[in-house]
Amino acid sequence: MKISKKIIVQLITFFILGFVFDLALAFFWIIIHELAHYFVLLKLNIESDKFKLHILGARLEIKDFEDLSSKEKLIVCFAGPILNGIVALISFCVYKLIFKSEYIYSTYEVNLVLFIFNLLPTYPLDGGKILGAILEEKMIFKDVNNILIKISYSFGIAFLLLSILGFMILGELNITSILAGIFIIYLSYNERRKVMYIIMGDITKKRERLINKKYIDSRVTSVYCEQDMVNLLRIIDKNRFNIFYVLDEEMNLLYVLRENEIIETLKTIGNMNLREYYIKYRKE
């Protein structure tokens, strides 16, 4: 388990502000939330990588998450929020019908917030992964990633604007909302920078997937020859083996280019124009 150094500063801040109980309760249920994901992973025989405590709670890192099927991703990602939703419902019923306790009501509030917050369709929350798993069935990874990044930025900015608006109208500064906004924007920015590295890294993993599952889905795309190889990385479907028909301006087929050949060329020769590559290495 890896503990972020920043969490110490955050704990001290909450302690000074007198949020000791709320903080402890929130952290407890955040950890339980992640354990729900963990037990589902065990049930599905999926390997987890790291369990991290950070400035806003905890996060379970799943090894080779992108290798999971869309169905497996949905099952894993829904586990945490569903648990929070059930606990929130039970706590509310107990508070209303059986025993009115401040602790029970706080448990209800914390789990309700975790249920709603984690289902927001943003990075790095469960809701973002759920939306991604649904969209990737019909779209390539780059387009899915772009949609999620735009949504994430929108939510991050909205959290910050609501904090400012709340301060102007009510005179109260919502620290949690500010931290959430900054957290979402920061991680969305990092995710945007990693897209090409993720695509290139996943091409290597496809070999392992082919060997383990004995098959891999393919995708064929026709592309114009007057563009660079690196541009093709932007339209590679990371969940399928990509084959490109390279066409000239008359729609004549010049040659067939496979994704592994693209990566090998970029590594050994560098970026090349598709027509230039055809003339130098493919033309008979």
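Our numbering numbers the first residue of the sequence shown as 1108 and each following residue consecutively. Just so you know, even glycine gets a beta-carbon here, dropped at the ideal spot from N, CA and C.
Query raised in the report: What's the call for N1319, buried or exposed, on a 16-neighbour Cβ count within 10 Å?
Result: Sequence index remark: in the sequence shown, residue 1319 carries index 212 (1-based). Result: exposed.
Discussion item. Rounded to whole angstroms, what is the Cα-Cα separation between L1204 and S1213?
Written reply: Here residue 1204 corresponds to residue number 97 of the sequence shown, with the count starting at 1. Here residue 1213 corresponds to residue number 106 of the sequence shown, with the count starting at 1. About 16 angstroms.
Checklist entry - DSSP beta-bridge partners for D1335? => result Looking up residue 1335 in the sequence shown gives position 228. Paired residue(s): N1380.
Using DSSP bridges, identify the partner residues of Y1362.
As a first step, residue 1362 must be located in the sequence shown, where it is residue number 255. The partner list for Y1362 (beta bridge, DSSP) reads V1353.
In whole angstroms, what separates the C-alpha of F1348 from that of I1369? Taking the sequence shown and counting its residues from 1, one reaches residue 1348 at position 241. Taking the sequence shown and counting its residues from 1, one reaches residue 1369 at position 262. Cα-Cα distance, rounded: 12 angstroms.
Notebook entry, point to check: Roughly how many angstroms separate the alpha carbons of K1180 and E1141, rounded to a whole number?
Noted result: If you number the sequence shown from 1, residue 1180 lands on position 73. If you number the sequence shown from 1, residue 1141 lands on position 34. Distance between the alpha carbons of K1180 and E1141 is about 14 angstroms.
Check: Excluding five sequence neighbours on each side, which residues of the same chain lie with their C-beta closer than 7 angstroms to the C-beta of I1119?
Finding: The count along the sequence shown starts at 1 and reaches residue 1119 at position 12. Reliability fails at I1119, whose pLDDT of 48 lies under 50, so the model's placement of it is uncertain and no value is given.
| request: Just grab the DSSP bridge partners of R1326 for me. | output: Here residue 1326 corresponds to residue number 219 of the sequence shown, with the count starting at 1. DSSP links R1326 through a beta bridge to N1349.
Going straight from the alpha carbon of I1291 to that of I1138, what length do you get? Here residue 1291 corresponds to residue number 184 of the sequence shown, with the count starting at 1. Here residue 1138 corresponds to residue number 31 of the sequence shown, with the count starting at 1. About 19 angstroms.
* Beta-carbon contacts of Y1385 that lie in its chain and below 8 angstroms, excluding the five residues immediately before and after -> Along the sequence shown, one-based indexing puts residue 1385 at 278. Cβ neighbours of Y1385 beyond the five flanking positions: C1332, V1353, L1361 and Y1362.
Going by C-alpha to C-alpha distance, which of F1222, V1220, I1197 and S1295 sits closest to I1211?
Here the question's residue 1211 lines up with position 104 in the sequence shown. The shortest C-alpha separation from I1211 is found at I1197.
Length of the line joining the Cα atoms of K1387 and K1374 = For this step, residue 1387 is matched to residue 280 along the sequence shown. For this step, residue 1374 is matched to residue 267 along the sequence shown. Between K1387 and K1374, the C-alpha separation is close to 17 angstroms.
### Task
Assign K1321 to one of three DSSP states: helix, strand, or coil.
For the purposes of this step, residue 1321 is identified with residue 214 of the sequence shown, where counting begins at 1. Assigned with DSSP and collapsed to three states, K1321 falls in coil, not helix or strand.
* **Buried or exposed (CB count within 10 angstroms, at least 16 for buried), K1236** => As a working mapping, residue 1236 is identified with position 129 in the sequence shown. Burial call: buried.
With distance defined between alpha-carbon atoms, name the residue in Y1296, E1315 and G1263 nearest to S1284.
Indexing the sequence shown from 1 puts residue 1284 at position 177. Measuring from the Cα of S1284, the nearest candidate turns out to be G1263.
For I1386, which three-state DSSP category applies? Walking along the sequence shown from the start, residue 1386 turns up at place 279. Correct three-state label for I1386: helix.
Is it buried or exposed for Y1215, if we count other Cβ within 10 angstroms and need 16 for buried?
Taking the sequence shown and counting its residues from 1, the one referred to as residue 1215 is at position 108. Its Cβ being crowded by 16 or more others within 10 Å, Y1215 is buried.
What residue range does the alpha helix (DSSP H) around E1216 cover?
Within the sequence shown, the letter at position 109 stands for residue 1216. First-last of the alpha helix (DSSP H) with E1216: E1209 to N1225.
Practice task
Tell me whether I1205 sits in a helix, a strand or coil according to DSSP, three-state version.
Solution key: The residue you call residue 1205 lines up with position 98 of the sequence shown. In the structure shown, I1205 sits in coil (DSSP, three-state: anything other than H, G, I, E or B).
How many angstroms separate the CA atom of E1356 from the CA atom of E1244? Mapped onto the sequence shown, residue 1356 falls at position 249. Mapped onto the sequence shown, residue 1244 falls at position 137. Distance between the alpha carbons of E1356 and E1244 is about 32 angstroms.
Below 6 angstroms CB to CB, which residues in the same chain sit around V1327 once its five sequence neighbours on both sides are set aside?
On the sequence shown, position 220 is the one that residue 1327 refers to. So the qualifying residues of the chain are I1350.
>> What does the Cβ neighbour count give for D1324, buried or exposed, with the cut at 16 atoms within 10 Å?
In response: Working through the sequence shown from its first residue, we reach residue 1324 at position 217. So D1324 ends up on the exposed side.
- prompt: Terminal residues of the continuous alpha helix (DSSP H) containing I1241?
  reply: Here residue 1241 refers to the residue found at position 134 of the sequence shown. Element bounds for I1241: D1233 to L1242.
Taking L1219 as the reference, give the member of N1338, N1191 and M1246 with the closest Cα. Position 112 of the sequence shown, counted from the start, is the residue given in the question as residue 1219. Checked all of N1338, N1191 and M1246; the closest Cα to L1219 is N1191.
Open item on the list: Going by C-alpha to C-alpha distance, which of Y1230, F1206, N1378 and V1217 sits closest to A1131?
Closed with: Residue mapping note: residue 1131 aligns to position 24 of the sequence shown, counting from 1. Residue V1217 is the option with its Cα nearest to A1131.
Checklist line | Minimum C-alpha distance to E1366 - residue among N1359, M1358, E1383 and N1346 | finding: Numbered from its first residue, the sequence shown carries residue 1366 at position 259. When each option's Cα is compared against that of E1366, the closest is N1346.
Quick check on DSSP: helix, strand or coil for V1194? Indexing the sequence shown from 1 puts residue 1194 at position 87. Three-state DSSP puts V1194 in a helix.
If contacts are defined as beta-carbon pairs under 8 angstroms, then S1105 and Y1230 qualify, I think. What distance do you get, rounded to the angstrom?
Nothing about residue 1105 can be reported from this structure: the residues present for the chain run from 1108 to 1391 only.
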